[in-house]
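Structure, as C-alpha cells:
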Amino acid sequence: MLTQLQLCATHRWRVKRYRTLRFQPGLNLLIGPNGTGKSTVLRAIANCPDCCRREDGPTEYLLFDAEQMNPRHSVGHIHTPTEMTLHLRAQFSSHGEILQAAFTTLQAAPGTCLLLDEPESAQDFDHILALRAAMRRAAARGVQLIVATHEVLFWEPAHILELRRGYRERVTRTLCQMKCLHPEHSPARAPKRISGVDK
Numbered sequence: 492m493l494t495q496l497q498l499c500a501t502h503r504w505r506v507k508r509y510r511t512l513r514f515q516p517g518l519n520l521l522i523g524p525n526g527t528g529k530s531t532v533l534r535a536i537a538n539c540p541d542c543c544r545r546e547d548g549p550t551e552y553l554l555f556d557a558e559q560m561n562p563r564h565s566v567g568h569i570h571t572p573t574e575m576t577l578h579l580r581a582q583f584s585s586h587g588e589i590l591q592a593a594f595t596t597l598q599a600a601p602g603t604c605l606l607l608d609e610p611e612s613a614q615d616f617d618h619i620l621a622l623r624a625a626m627r628r629a630a631a632r633g634v635q636l637i638v639a640t641h642e643v644l645f646w647e648p649a650h651i652l653e654l655r656r657g658y659r660e661r662v663t664r665t666l667c668q669m670k671c672l673h674p675e676h677s678p679a680r681a682p683k684r685i686s687g688v689d690k
C-alpha cells in the first residue's frame, strides 16, 4: 500500500498545492479543477523513477485511464498481461462500457494500488452508482484505490485530497444552493383524472 508520495522537481511545479501527498488504505480521491495536477499525480505514482514512494508492504501499481484504453486510440506501451487483457476487452466495448469491463476483468489482490483517471467519464448515473459499489468492494478486499475525479457521488466514504484549497467546500455549497435538488422544489404532479368525473 502506498502511504506517501514525495514529488520530484519535474512533477512538483505541476501540482501547486503539495510537495508530499499522504494516502490511506481503501479509497483515496484527488479532487480539484482542471489543470491542478490530478492526472499528473497518478502518472507520477505509476511511472516516475524520481518521485519518492513510501509503501507499507509490497505494492503493485496498475494505472487505468479509460480514454487511453479507448479503441480509437493507439495501443502505446502495454507492460503487463492485465493491461493486455484490458485493452482487448476495450476493443469490444463502447467508451462508457470500458471501465465496467475493467472491473469484471480485474482480479486485483490485496496489496494492489489501483490508479483510476476520471473513471466516471462517459458513464450514466446508474453506471456511476455501480462503479462506486465496485470500488467499495475492491477496497473491502484490501485493494487501495487512488482516483482522480470530478464525481461528487464518489466522495463518501473516501479520503479526499484537495489539489486546490477550499474546492470541496465550494462544490458542496454550490450544490446545496441548487433549488432543483430540494424535494420542496420538485415539479408538482398533475392531479389524476378519474374517468367520468369532472374535476
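In the numbering used here, the protein residues as written are 492 to 690.
Using N, Cα and C, we set each Cβ at its ideal position, and we do this for glycine too.
Cα-Cα separation between residue i and residue j, rounded to whole angstroms
i                 : j                 : result
phenylalanine 590 : proline 540       : Sequence check: residue 590 is leucine here, not phenylalanine. Those two C-alpha atoms are separated by around 27 Å.
glutamine 515     : glycine 633       : 11 Å
leucine 672       : phenylalanine 616 : 15 Å
leucine 666       : glycine 657       : 14 Å
serine 612        : arginine 627      : 18 Å
arginine 563      : proline 601       : In this prediction, arginine 563 has a pLDDT of 42, which is less than 50 and means its spatial position is unreliable; what the coordinates show is noted afterwards. Using only the alpha carbons, I get a separation of about 32 Å.
alanine 631       : leucine 518       : 10 Å
glutamate 660     : threonine 603     : 31 Å
arginine 510      : arginine 503      : 6 Å
glutamate 642     : arginine 664      : 15 Å
proline 524       : valine 638        : 14 Å
isoleucine 536    : alanine 625       : 22 Å
histidine 650     : lysine 529        : 15 Å
valine 506        : cysteine 499      : 11 Å
phenylalanine 555 : proline 674       : 37 Å
leucine 620       : proline 610       : 12 Å
CB of residue i within 8 Å of CB of residue j, strictly
i           : j             : result
leucine 520 : leucine 652   : yes
leucine 493 : glutamate 551 : no
leucine 496 : arginine 544  : yes
leucine 654 : threonine 527 : yes
Burial state of residue i, where buried means 16 or more other Cβ atoms lie within 10 Å
i             : result
proline 648   : exposed
cysteine 542  : buried
glutamine 614 : buried
glutamine 635 : buried
Distance between beta carbons of residue j and residue i, contact taken as under 8 Å
i                 : j            : result
phenylalanine 645 : arginine 623 : 6 Å
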